[in-house]
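First the structure, in the form of structure tokens, and then the observations on it.
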Amino acid sequence: MKSFLMLALMSTLAFSQVYYSKVEPYEIRNISSNVSGEVLDTSEDMLGKKLGSKVYIKIDDTLDQDELNDVKEKITFTQDTIEVNKKILKNLNLSLEKKELNYEKVAALKIKSKIEKDNEFYDLVASRNSALSTQKEINNLKIQLADLQLREKQLNKIIKDKNLNDKGFILYSIDVKVGQVVSAGTALAKVADVSKALLSIYLTEDELNTLDKKVVYIDEKKTSYKPTRVLRIADEKNISKYLVQIVIDSPKVFSKLAKIELKDK
407 MKSFLMLALM STLAFSQVYY SKVEPYEIRN ISSNVSGEVL DTSEDMLGKK
457 LGSKVYIKID DTLDQDELND VKEKITFTQD TIEVNKKILK NLNLSLEKKE
507 LNYEKVAALK IKSKIEKDNE FYDLVASRNS ALSTQKEINN LKIQLADLQL
557 REKQLNKIIK DKNLNDKGFI LYSIDVKVGQ VVSAGTALAK VADVSKALLS
607 IYLTEDELNT LDKKVVYIDE KKTSYKPTRV LRIADEKNIS KYLVQIVIDS
657 PKVFSKLAKI ELKDK
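Residues 407 to 671 in the numbering used here are what the sequence shown spells out, letter by letter.
What follows is the structure, encoded as structure tokens:
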């Protein structure tokens, strides 16, 4: 009887591989600051909760808001000036067409003196230069407008980076305090994506080669889960073993230990 039990145990071990993994959030993000400024507010009461549209860390953006309003006004004025200059240029071109026709007629008249013809020519050239000058001003204004619009985008991003919300994530930790002055690269918080969970196990090369012939059991229950990520480069810490990760549905509680078995199909 004892021999029979031993044989059964050896048979089970031959066709089943058992591992243990902590059930981790699908992703944990380390949030670092992209900007500099003083921390005005932190929502410590949101720790462990799902984030919505409410800002959980606010960095002073007063000057950025003032500059943004100023830039928006300049954009409006510049656009209006461009439109006015376009109308001026249109009128100048209409006038220029008339003067070119008039000069052609005057130049062909033998009764007109050279001085009169020269005066008509100089007037025509002056009109051409005026039209070109207006076109040049429009081009310069368009360059200014492009610079202002780029600055508007930059300020909007700076303000967004100073008002963190990370909607949909769980607030894992807040690493700064009110009154603290931060700079680019300062660690601000950690947030977690708990919409799914992740199990990590380490396999030998032989186990890796038979992975596609295995069924995943979790806590002794058969599942339809498949290995999601297979890293075919040996792990730095677990030498000669390879990381395999399985994405599963989000559990009610994270960080518990799960028993994982890979059994033959």
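Backbone N, C-alpha and C define an ideal beta-carbon position, used for all residues, glycine too.
Between the CA atoms of residue j and residue i - distance to the nearest angstrom
i: D670; j: G454; result: 39 Å
i: D447; j: S589; result: 16 Å
i: N545; j: K505; result: 25 Å
i: K647; j: S439; result: 36 Å
i: T592; j: L554; result: 29 Å
i: E558; j: V441; result: 16 Å
i: D486; j: N508; result: 33 Å
i: N637; j: E667; result: Reading off the sequence, residue 637 comes out as Leu, not Asn. Straight-line Cα distance between these residues: approximately 19 Å.
i: V531; j: F483; result: 31 Å
i: N499; j: Q560; result: 38 Å
i: D467; j: V461; result: 13 Å
i: K518; j: E489; result: 40 Å
i: D641; j: R635; result: 14 Å
i: Q586; j: T610; result: 48 Å
i: S427; j: P633; result: 14 Å
i: F527; j: L556; result: 44 Å
i: S536; j: A514; result: 25 Å
i: E543; j: D470; result: 29 Å
i: L457; j: G443; result: 23 Å
i: A414; j: Y631; result: Below a pLDDT of 50, predicted positions are generally treated as unreliable, and A414, at 41, falls in that range; the measurement from the model is reported next regardless. Near 27 Å, if we compare the C-alpha coordinates of Y631 and A414.
i: V445; j: L570; result: 11 Å
i: L547; j: L538; result: 14 Å
i: N562; j: E479; result: 15 Å
i: Q423; j: K643; result: 21 Å
i: R534; j: A552; result: 27 Å
i: V512; j: I481; result: 46 Å
i: R435; j: G574; result: 13 Å
i: I607; j: Y425; result: 7 Å
i: V396; j: I639; result: Residue 396 is absent from the model: the chain starts at 407 and stops at 671.
i: I494; j: T540; result: 8 Å
i: E510; j: E503; result: 11 Å
i: D524; j: K516; result: 13 Å
Helix, strand or coil at residue i according to DSSP, with G and I counted as helix
i: T487; result: helix
i: N436; result: strand
i: L453; result: coil
i: D470; result: helix
i: D641; result: coil
i: I517; result: coil
i: T610; result: coil
i: V621; result: strand
i: K628; result: strand
i: S427; result: strand
i: V461; result: coil
i: K658; result: coil
i: V531; result: helix
i: V512; result: helix
i: T448; result: strand
i: V441; result: coil
i: K671; result: coil
Whole-angstrom C-beta distance between residue j and residue i, which should lie under 8 Å
i: L604; j: E430; result: 5 Å
i: E450; j: I580; result: 6 Å
i: V597; j: D572; result: 5 Å
Note to self: Quick check for students: name the residue ranges of the beta strand (DSSP E) that lie wholly in the segment 540-594, counting only runs of 3 or more.
What the structure shows: Every unbroken stretch of the beta strand (DSSP E) spanning 3 or more residues and falling wholly within the segment 540-594 is given here in chain order: 576-580.
Next item on the list: Count the C-beta pairs between the segment 470-489 and the segment 608-626 that are closer than 8 Å, then say yes if the count reaches three, no if not.
Entry: The answer is no - the segment 608-626 does not touch the segment 470-489, with fewer than three Cβ pairs under 8 Å.
Margin query: Would you call the segment 595-615 in contact with the segment 654-662, where contact means no fewer than 3 C-beta pairs closer than 8 Å?
Written below: Yes, since at least three Cβ pairs between the segment 595-615 and the segment 654-662 fall closer than 8 Å, the two stretches touch.
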